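See structure below.
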Amino acid sequence: MNFGFVASLLVIIVAVLSVFIEIPIVSNYAFWFAVGAYIILAGTAFD
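In terms of the numbering used here, the numbers along the sequence shown are unbroken and rise by one, the last being 34.
So, in structure tokens, the structure goes:
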């Protein structure tokens, strides 16, 4: 596994958890964290 895949996986897990558990900053922007994780994943898919 490459670093980009692992980073995007961790970000999406934190974004989903922040919907159910209050995580400062992340809970307010959970959707945008998920979008960022997808962008990271898409950006590293061509390696």
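Glycine included, C-beta positions come from ideal geometry on N, C-alpha and C. It should be emphasised that the depicted structure is a prediction, and the values quoted were computed from it without experimental measurement.
Distance between Val1 and Leu28 (C-alpha atoms, nearest Å): As a first step, residue 28 is located in the sequence shown; it is residue number 41 there, counting from the start. As a first step, residue 1 is located in the sequence shown; it is residue number 14 there, counting from the start. About 15 Å.
Through-space distance from Ser14 to Ile8, alpha-carbon basis: Translated into positions along the sequence shown, residue 8 becomes position 21. Translated into positions along the sequence shown, residue 14 becomes position 27. Distance between the alpha carbons of Ile8 and Ser14 is about 8 Å.
Where Tyr25 falls: helix, strand or coil (DSSP): Translated into the one-based positions of the sequence shown, residue 25 becomes position 38. Tyr25: helix per DSSP, three-state reduction.
Distance between Val3 and Ile10 (C-alpha atoms, nearest Å): Taking the first residue of the sequence shown as position 1, residue 10 is located at position 23. Taking the first residue of the sequence shown as position 1, residue 3 is located at position 16. In a straight line, the C-alpha of Ile10 is about 11 Å away from that of Val3.
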